[in-house]
Amino acid sequence: MLTQKLQSPIFAVSETIDCTMECTTIHLNVNGKYVKAENVDPETNLAYFLRSELGLTGTKWGCEEGACGACTVAVGKWDPALKKARYTAVNACLYPLYMAHHRLVLTVEGIGNTKKLHPIQERIARGHGTQCGFCAPGFVMSAYALLRNNPNPSIREINQAIKGNLCRCTGYRPIVEALQSFSEGGCCNGINGTGKCPCKQSNSLDREKLVTFDDFPKFDESQEILFPPQFIINAEETDIFLRGPRVELYAPLDFQKFEHYLESNKDAKVISSGLITRLTTSTAADCGRPKWLSTHRLSTLDQVLAFDKEFSSGASLSISEFVNLVDQYCEPGISRPIGKLFDKYSSLQVMNLASWVGAFCTGSSDISSLFLALNPSLTIRDTKGVHEIRRISELVDENGRVKLGRSQFVIAMKFPRSEEGLQLFTFKQGARPGADSTIVNCVAALHVNERVESARVSFSFGSRPILAGKLSKRLCGK
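Here the sequence shown is numbered in full-length UniProt numbering, starting from 1 and rising by one per residue.
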């Protein structure tokens with residue numbers, strides 16, 4: 001990735017830097033083996049570490065900006081509430097190494113090899129799903145993360161899982177057929193891009209497949225690498241502090257330390273996953289030695305609370321977690337249009353990493369148009385511990401920029417589960433059907449009681465969203 005082209009080696013930290021805090025050692029497990037990384041540069045991403053330090057070159061360098069999926073790996077995180085690990089597919093070229101602390105990282109080498117192929121690998125290989133083979137590890141790991149959470153996914157879930165993986169040899173049909181064979185339903189339900197369902201047609205040509213997978217080995221979770229017990233039982237959680245040649249990062253566990261650091265370092269930039277910030281910094285020849293203050297380890301920011309008419313989502317939750325909450329808690333009139341919008345949103349790998357609050361604050365995301373139209377409320381905290389609740393409309397100016405004070409940061413959002421008379425409409429057009437940046441999108445939230453009583457319509461043309469005030473007013477009474 002561009003980050004790595006500009007930085008010094010992973011374990012090299014300038015001796016001239018006056019460190020006021022001791023740099024944290026990052027502990028992780030890679031393919032079932034314990035790994036310790038010292039003096040980590042905050043700019044180091046997981047792909048660089050896996051390839052250059054551990055020699056795991058199955059994780060491929062491709063676009064280096066999270067668009068092709070060739071570097072996809074599965075990251076396991078222990079969920080104490082569910083008492084089990086949850087696995088997500090992420091782009092290793094975007095995933096920072098420091099976020100892998102106390103995580104299980106699984107790569108294509110870890111789940112199978114030439115002596116014993118994993119069932120996913122075997123189906124792709126024997127199903128004629130490889131040509132040059134460059135994209136195959138990414139497809140394998142995207143499917144693997146899905147199957148670890150859901151061993152019997154639907155066709156739709158499989159298609160969503162691999163929408164962020166590109167094959168430049170145009171070998172999609174055998175790849176998709178191989179992966180869809182893990183669904184017992186085995187039917188595309190008309191979501192193959194044509195609007196028709198060849199699975200149910202009687203024409204033998206339509207039903208012909210390259211390989212039948214009935215006798216292939218099934219996915220068996222009991223045969224997979226377990227989440228490391230030491231990260232569950234003896235997980236000594238500490239703050240993370242890192243210094244690199246260009247960047248300093250601090251990720252505390254509690255608000256008191258977070259607020260003290262922000263007060264003492266007025267130039268610190270508050271980040272969650274830091275996706276946009278890290279991409280911007282990596283391309284800058286002189287970034288001015290920024291200080292990043294990360295919220296990703298503040299445990300209270302991952303809380304979810306459900307109420308009668310709304311639910312509360314913590315600010316550290318990812319976009320995919322937010323979309324899942326909408327699907328779980330909201331009535332169909334809200335969840336279906338939002339699901340339709342995010343079916344075309346970027347890739348699942350990016351959605352698993354990017355936080356909803358980061359996407360909203362940068363302004364160049366479909367989520368900003370959604371929030372601007374629905375106008376949910378945000379809970380904002382400052383460095384003195386004072387909380388205030390404000391509507392999105394109070395925080396976004398006419399140019400679509402979010403107005404937060406220098407010492408303020410978002411900690412939660414209350415999102416509507418149901419709303420009487422609300423009719424929600426969403427639209428997005430990208431350069432391709434899914435997993436693409438926006439050319440234009442539109443979200444309209446209308447409150448209807450025989451006629452339109454109020455309306456909020458937002459648009460984005462690939463940049464910051466705008467509220468179409470005149471159009472919203474003209475819709476009233478229609």
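All C-beta atoms, glycine included, are put in the ideal place defined by N, C-alpha and C.
If you're wondering where the values come from, they're calculated on a predicted model, not measured in any experiment.
Item	Value
Touch test, the region 334-347 against the region 263-282, Cβ-Cβ under 8 Å, three pairs minimum	no
Expected contact under 8 Å - CB spacing of C476 and A445 to nearest Å	Actually they do not touch by this definition, with Cβ atoms about 13 Å apart.
Beta bridge counterpart(s) of F371 as assigned by DSSP	None; F371 has no bridge partner.
Terminal residues of the beta strand (DSSP E) in which L305 lies	V304 to A306
8 Å contact criterion, which A373 and V440 should meet: CB distance rounded	So it is not a contact: roughly 14 Å between Cβ atoms.
Which of helix, strand or coil DSSP assigns to T24	coil
With 16 other Cβ atoms within 10 Å as the buried cut-off, status of L205	In this prediction, L205 has a pLDDT of 49, which is less than 50 and means its spatial position is unreliable; nothing more can be read from the coordinates.
Residue closest to T212, alpha-carbon to alpha-carbon, out of G358, N39, L242 and L179	L179
Whole-angstrom distance between S183 and C71, CA atom to CA atom	24 Å
Any alpha helix (DSSP H) of 4 or more consecutive residues that is wholly inside the region 205-267	230-233 and 255-264
Touching by the beta-carbon criterion (3+ pairs, under 8 Å), the region 377-384 and the region 457-469	no
Identified DSSP bridge partners for P96	N45
Which of helix, strand or coil DSSP assigns to V40	coil
Beta-carbon separation (whole angstroms), A143 vs I155, contact threshold 8 Å	Going by Cβ atoms, the distance from A143 to I155 rounds to 13 Å, so no, they are not a contact pair.
Cα-Cα separation between V13 and Y98, rounded to whole angstroms	Note on V13: pLDDT 33, under 50, position unreliable in the model; the coordinate value appears next. The alpha-carbon atoms of V13 and Y98 are separated by roughly 15 Å.
Cut-off 8 Å between Cβ atoms - residues of its own chain near D254, not counting five sequence neighbours on either side	L298
Three or more C-beta pairs below 8 Å linking the region 259-275 and the region 217-230	no
Alpha-carbon to alpha-carbon, K384 and T59	44 Å
Local conformation of R406 per DSSP, three classes	coil
Span of the beta strand (DSSP E) around K428	L422 to G430
Residue burial classification, S202 (beta-carbon count within 10 angstroms, cutoff 16)	Bear in mind that a pLDDT of 48 at S202, under 50, signals an unreliable position, so the number given afterwards is only what the model happens to contain. When all chains shown are included, S202 counts as exposed.
Whole-angstrom distance between E420 and D41, CA atom to CA atom	51 Å
Three-way DSSP call (helix, strand, coil) for F342 in this model	helix
Cβ pair V410, V357 closer than 7 Å	yes
Neighbourhood of P252 by C-beta distance below 6 Å, restricted to the same chain and skipping five residues each side	D239 and F258
Option in G138, S355 and E310 with minimal Cα separation from I120	G138
Buried or exposed (CB count within 10 angstroms, at least 16 for buried), G76	buried
Helix, strand or coil at S202 according to DSSP, with G and I counted as helix	With a pLDDT of only 48 at S202, under 50, the local geometry of the prediction cannot be trusted, and the value read off the model is given with reservation. Coil, per DSSP.
C-alpha distance - G127 paired with T107, whole-angstrom precision	21 Å
Proximal residues to I175 (C-beta, below 7 Å), its chain only, five neighbours per side dropped	I124, G129, F139 and C167
Assigned exposure category for E43 - 16 Cβ within 10 Å defines buried	buried
Per-residue DSSP class, three states only, for F415	strand
Distance, A47 Cα to Q349 Cα	14 Å
For V30, the nearest candidate out of L50, E38 and N45 (CA to CA)	L50
Other residues of its chain near E109: CB distance less than 6 Å, five sequence neighbours each side excluded	L56 and G58
Which of helix, strand or coil DSSP assigns to W78	strand
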